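Residue 164 in the numbering used here is what sits at position 127 of the sequence shown, and the numbering runs on without skipping anything. Glycine included, every Cβ here is placed at the ideal spot set by N, Cα and C. As the structure is a prediction and not an experimental result, all values here were calculated from the model. Here is the structure we will look at, set down as structure tokens.
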Amino acid sequence: MVVIKPKISTYISLSFVLLILVTGLVLILRDFAYKGSFGLWFYLIASTLITLVLLMLLVKMMAGWRFISAGKEHIVIKLPLRGSTKAYPVSEILAWEEEVVTANKREFRQVTIAFQDKQSISISNHEHEAYTEFVNYLKKKAQKQQIKTKKA
38 MVVIKPKIST YISLSFVLLI LVTGLVLILR DFAYKGSFGL WFYLIASTLI TLVLLMLLVK
98 MMAGWRFISA GKEHIVIKLP LRGSTKAYPV SEILAWEEEV VTANKREFRQ VTIAFQDKQS
158 ISISNHEHEA YTEFVNYLKK KAQKQQIKTK KA
């Protein structure tokens, strides 16, 4: 059985970025309240942009927090923040493809799987553990559903 879970190092890095953004937002709002060093337009634009980036990063982190296990002819997806678990037999996979992108002399890989109930999941090698084992499992159990793509 293969268990794919988020890499803790990725979430530590993203949490550090969140902490920096929150600190920046607090400092900007503190400066506005006590000193008012800049014009009102600066505070409005800066706090809006920082808040939007914060929200997008939080949504990405929360949406990516899932555990996937593959084995015994099933793929089980657990979403702890939603409190839901969904099991798919391998026969319900409509298609899957692995994308490979080389950027900055590093190889980024992502697998996207589409199921018959029109749900899909994506797993990347930089954000999830046991990526290669999962791809090997798919190649072994769902070879016919694989979509062949060219390297980007």
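1. Cβ of E136 within 8 Å of Cβ of T186?
2. Less than 8 Å between the beta carbons of K178 and E110, yes or no?
3. Are the CB atoms of I41 and I160 within a distance shorter than 8 Å?
4. Looking only at its chain, what residues have a beta carbon closer than 6 Å to the beta carbon of T88, apart from the 5 residues adjacent to it on each side?
5. Using the beta-carbon count (16 or more within 10 Å), is H165 buried or exposed?
6. For W102, which three-state DSSP category applies?
7. Taking only runs that begin and end inside the stretch 96-172, name each unbroken beta strand (DSSP E) of 3 or more residues, in chain order.
8. Measure the Cβ-Cβ separation of A124 and V113 and say whether it is below 8 Å.
9. Who are the near neighbours of G108 in its chain, counting only those whose CB is closer than 7 Å to its CB and skipping five residues on each side?
10. Is the CB-CB distance between L91 and L131 below 8 Å?
11. Are the C-beta of Q183 and some C-beta of chain C separated by less than 8 Å?
12. Taking only three categories from DSSP, how would you classify I184?
13. Please report the straight-line C-alpha distance between Y174 and Q180, rounded to a whole angstrom.
14. Relative to the C-alpha of R119, which residue among G61, E134, W102, V127 is closest?
15. Between L51 and M98, is the Cβ-Cβ spacing less than 8 Å?
16. Give me the residue from I105, D68, F104 with the minimum Cα distance to A83.
Straight from the coordinates:
1. Yes, the pair counts as a contact, with Cβ atoms nearer than the cut-off.
2. yes
3. yes
4. Within the same chain, T88 has no close Cβ partners at all.
5. buried
6. W102 falls in the coil class under three-state DSSP.
7. Taking 3 residues as the shortest admissible run, the stretch 96-172 contains the following complete beta strand (DSSP E) segments, listed from N- to C-terminal end: 104-108, 111-116, 121-126, 130-140, 143-152, 157-161.
8. Taking 8 Å as the Cβ cut-off, A124 and V113 qualify as a contacting pair.
9. Within the same chain, Cβ atoms closer than 7 Å to the Cβ of G108 are found at M38, V39, the five residues on either side in sequence being excluded.
10. no
11. Checking the listed chains, one finds no chain C in this structure; it contains a single protein chain.
12. Three-state DSSP puts I184 in coil, outside helix and strand.
13. 9 Å
14. Here the closest residue by C-alpha is W102.
15. yes
16. D68
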